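Since the structure comes first, as structure tokens, the remarks are kept for the end.
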Amino acid sequence: MAATPNGFDLDNSGRRIVVDPVTRIEGHMRCEVNVDDEGVIRNAVSTGTMWRGLEVILKGRDPRDAWAFTERICGVCTGTHALTSVRAVEDALGITIPDNANSIRNIMQLNLQIHDHIVHFYHLHALDWVNPVNALRADPKATSELQQAVSPSHPLSSPGYFRDVQNRLKKFVESGQLGLFKNGYWDNPAYKLPPEADLMATTHYLEALDLQKEVVKIHTIFGGKNPHPNWLVGGVPCPINVHGVGATGAINMERLNQVSSIIQLCTDFVNNVYLPDLVAIGGFYKQWGYGGGLAGKSMLSYGDIPEHPSYFSPEQLHLPAGAIINGDLSTVHEVDVRDPQQVQEFVDHSWYDYGTPGQGLHPWDGVTEPKYELGPNAKGTRTNIEELDEAAKYSWIKAPRWKGNAMEVGPLSRYVIGYAKGHEDIKNQVDGLLRTMDLPVEALFSTLGRTAARALEAEYCARLQKHFFDKLVTNIKNGDSSTANVEKWDPNTWPKEAKGVGMTEAPRGALGHWIKIKDGRIENYQCVVPTTWNGSPRDSQGNIGAFEASLLNTPMERPDEPVEILRTLHSFDPCLACSTHVMSPDGEELTQVKVR
Amino acid sequence: MTTNVLILGIGNVLWADEGFGVRCVERLAETHAFDDNVRIMDGGTQGLYLLPFLEEADVLVVFDAVDYGLEPGTLKIVEGDEVPRFMGAKKMSLHQTGFQDVIATAQLMEQCPETLLLIGCQPVELEDYGGGLRDAVAAQIDPSIEIALEKLAALEVRARKGRTGSNDLADASIKRDAYEGGRPSEDEACRIGDDRFFPERA
């Protein structure tokens, strides 16, 4: 038994369980835990099993193109990476974007936030709580009654509707292609919903799919195309011409009306489906209060959604910024991402080398030199690892720290920091939910708390989307049609050397890009992504990261069916495509769960 | 009724031969023109974002790098019902899991295109982050396009020599020439990762 400096007891003497890969996430991740005789997790080791080197492909390229590369890192927060990248370049060159560009970028970023939260809840995370196979046993009439009770204003609630969905589901399952629902542990007692709740939630899985198809169209309108919309250093690439006609080209009234109706769709779905489902499903799992880890102890947010263009001071941001450490919610610390002593990355337990043990590097001075070696207690071979040695290097994720602290990032961090700061909208939402569910504020510091914060945030983001839409329309009506500041487009106007940082709150947490420009070209580019924070390995002091901490002390119903591990890891909405690079050369698809 | 055709290239251009599909549609758009019922699209690394475009299509042609354990650079053509099953049989890349799910989801929603054609190429190298297409794979771009055009012609969908001006293609900065030509040298930027990717260097 050993205690970590950040206050967790680790015991790796029990049976070791290896889950590789962790499914229903973006990217590749492995998790090893030790359980005691009662099946309670007493040690956790989270490993990014991919090698990432985004920095090493951008050297020497045009800074104005970096967004197009970063957008390709993964399939999820593509627009967020692009936004972070153009912000970093604008920061380095001292560019202020026009007001319309700020509103349009905010609408796109908020839209992505809502889209990601909905897709995460229904398509990635729901299956940790909802059993679609059990839904086949539901009585459609009782399901209809349940639906009307939890959300009276949702129009899709007739018994016939649920019967149709059930038949469709049956056909799909019987066709042998359980497809989307494969790899489930559908007879595990960890699933608690009655069949009717399972059918209602599975139905909303389908409704959410229909919705998300409409929601993403905002990116085509403002970004010119989707997937992979276009971005522009200095503003947005879409001109405004309100008197224009047609469905393509400049932003005109027709397209603004389309945006307005998409915003309404988001709002209705979140209010009539997402939030009621959260309360209904959450109600069956209230007793499952595990998964807290660093929540309520050490949390970080850079903040996002600036009211005014290119102005990132905390009081101007709608999504709150700050840091909480040592569990002290009475003080929210200010975060300075330029200070070389604040954000630092360590690699003592990561497969990289800085040359000096125990060294932390600020991202502007970041180095990406791989060094792959296994510790003396690892089992297996270098190309086929059976068990990792966490006392040595064990992950492709670096260990970022804020003033030496391991931090949790994501919607819950934003919400706890907002709550601690007395952010009015956030406080009202959180207090309202806790009242409805009859839970104390500490209940937030859990797996369910993360899932709840995400849903609340989707609702808040839908309101913010409306705010920026109205702001955009008012501005245009007042005769301002400017969408880009091109004063510093020409590299001849740039200083010989410049450095900058772009920050956003990606759906899954704080995201930063640090850039150094020299002679008009990229000299260094480092990204510290949310899953680097949450999925970080231990540091030289022995502090464990958010994933590892959150798994501790969780009892498993059946150690060879890691529902509980998946539940908690999924609650972070992990995305490893940008934090790491792929391991399995033959692309093993089925999760291997090994109990050793 | 007009047949709506979606010609989609998927994959991650940042991982060497993984970019095969995207490079195929890039080339197709540079060399051929179609009527308005044909849409050429760079699907990139996206999954569910592609669903609305599948819904609108009657015919879906997908270019992709896929692993069938064949000789590197070999083409594999799969049609109809076999497509999702084949994509599921063996997979190796991030987005592919995603795209198989996209097709499964489209089927679940009863919105999957009736006609499916997958033109896959066995990659030579994937584990070279920031790298471009290997010669054997690049050499299959034109033959792949020919196969697609033949299959489309059989469905009365004709291409002309020319260009397709499409908003649905990659930004100029990551088109193949710019991307491969602008790569930093090995001295500047380390390319070695892990024995599991580069066993010959262990």
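These protein sequences, in sequence, are chains A and B.
Just so it is clear: in the first sequence, position 402 is 403 by our numbering, and no numbers are missing.
Just so it is clear: in the second sequence, position 63 is 385 by our numbering, and no numbers are missing.
Glycine residues also receive a C-beta, built at the ideal position from the N, C-alpha and C atoms.
Note that the structure is predicted; figures quoted are calculated from it, not measured.
query                                                                                                                                                                                                   : result
Using the beta-carbon of each residue, which ones in chain B are nearer than 7 Å to A69/A?                                                                                                              : D493, S495 and I496
Kindly examine the ligand NAD and report whether one of its heavy atoms sits closer than 7 Å to the Cβ of L491/B.                                                                                       : Because no ligand of any kind appears in the structure shown, any question about the ligand NAD cannot be addressed here.
Can you give me the Cβ contacts of N359/B inside the same chain, cut-off strictly under 7 Å, excluding the 5 residues immediately before and after it?                                                  : T324, T325, N326 and V327
Tell me whether the segment 364-375 of chain B and the segment 228-243 of chain A touch, counting them as touching only if at least three CB pairs, one residue from each stretch, are closer than 8 Å. : yes
Considering only DSSP beta bridges, list what H244/A is partnered with.                                                                                                                                 : H244/A pairs with nothing; no bridge assigned.
Of all the CB atoms in chain B, is at least one closer than 8 Å to the CB of G61/A?                                                                                                                     : yes
Under 6 Å Cβ to Cβ from A1/A, same chain only, skipping five residues before and after it: list those, please.                                                                                          : Outside the shown range of chain A, which is 2 to 597, sits residue 1/A, and nothing can be said about it.
Indicate the three-state DSSP secondary structure (helix, strand or coil) for W403/A in the structure shown.                                                                                            : strand
On the criterion of 16 or more Cβ atoms from any shown chain inside 10 Å, does S415/B qualify as buried, or is it exposed?                                                                              : Legend: pLDDT at S415/B = 41, less than 50; position of this residue unreliable, value from coordinates given subsequently. Looking at its Cβ environment, which holds 16 or more other Cβ atoms inside 10 Å, S415/B is buried.
Name the residues in the segment 353-381 of chain A whose C-beta lies less than 9 Å from a C-beta of chain B; which are they?                                                                           : T369, E370, P371 and Y373
Is the separation between the beta-carbon of D390/A and that of G376/A shorter than 8 Å?                                                                                                                : yes
Can you grab the Cα-Cα spacing for the pair S14/A / I329/B, in whole Å?                                                                                                                                 : 55 Å
Under 7 Å between beta-carbons, which chain B residues line up against F173/A? List them in chain order, please.                                                                                        : L430
State yes or no: is the beta carbon of N242/A nearer than 8 Å to at least one beta carbon in chain B?                                                                                                   : no
Assuming Q105/A contacts V237/A (C-beta within less than 8 Å), just tell me the rounded distance between them.                                                                                          : Looking at the sequence provided, one finds Ile at residue 105/A rather than Gln. Sure, about 5 Å apart at Cβ, within 8 Å.
Under a three-way DSSP split, which group does C267/A fall into?                                                                                                                                        : helix
Chain B partners of V90/A, CB-CB under 9 Å?                                                                                                                                                             : Within 9 Å Cβ-Cβ: nothing; V90/A doesn't reach chain B, min ~13 Å.
Taking just the CA atoms, how far does S47/A sit from E33/A?                                                                                                                                            : 6 Å
Please confirm whether Q368/B has its beta-carbon closer than 8 Å to some beta-carbon of chain A.                                                                                                       : yes
Please state whether the Cβ-Cβ distance between A45/A and L552/A is less than 8 Å.                                                                                                                      : yes
Once the 5 residues before and after L439/B are set aside, which same chain residues still bring their CB inside 6 Å of it?                                                                             : V383, E401 and K473
Run down chain A in chain order and give the residues with a C-beta less than 8 Å from the C-beta of L373/B.                                                                                            : L210, Q213 and K214
Within 8 Å of any Cβ in chain A, is that where the Cβ of P445/B sits?                                                                                                                                   : no
Please list the partners that R164/A has in chain B, where partner means a Cβ-to-Cβ separation under 9 Å.                                                                                               : Ordered by position in chain B, no residue passes the 9 Å Cβ test against R164/A, which lies about 16 Å from the chain.
How about D386/B: is its C-beta nearer than 8 Å to some C-beta of chain A?                                                                                                                              : no
Is it a yes or a no for the segment 346-358 of chain A touching the segment 440-456 of chain A, going by three-plus beta-carbon pairs under 8 Å?                                                        : no
A407/A to Q149/A, Cα distance in whole Å?                                                                                                                                                               : 44 Å
Relative to chain B, which residues along the segment 100-124 of chain A have a C-beta separation below 7 Å, given in chain order?                                                                      : V120
Does the beta-carbon of T382/A have 16 or more other beta-carbons within 10 angstroms, so that it is buried, or is it exposed?                                                                          : exposed
Taking just the CA atoms, how far does Q288/A sit from S152/A?                                                                                                                                          : 23 Å
Beta-carbon of V260/A versus every beta-carbon of chain B: anything under 8 Å?                                                                                                                          : no
So with Cβ pairs under 8 Å, would you call K57/A a contact of chain B?                                                                                                                                  : Per the sequence presented here, residue 57/A reads as Val, with Lys not at that position. Yes, contact with chain B.
Could you confirm whether any beta carbon from chain B is found closer than 8 Å to the beta carbon of N231/A?                                                                                           : yes
Would you grab the beta carbon distance between A69/A and D493/B for me? Rounded to a whole angstrom, and I think it's under 8 Å.                                                                       : 4 Å
Name, please, each residue of chain B whose Cβ falls closer than 7 Å to the Cβ of N227/A.                                                                                                               : Y371
Kindly say whether V271/A, judged by its beta-carbon, lies nearer than 8 Å to any beta-carbon of chain B.                                                                                               : no
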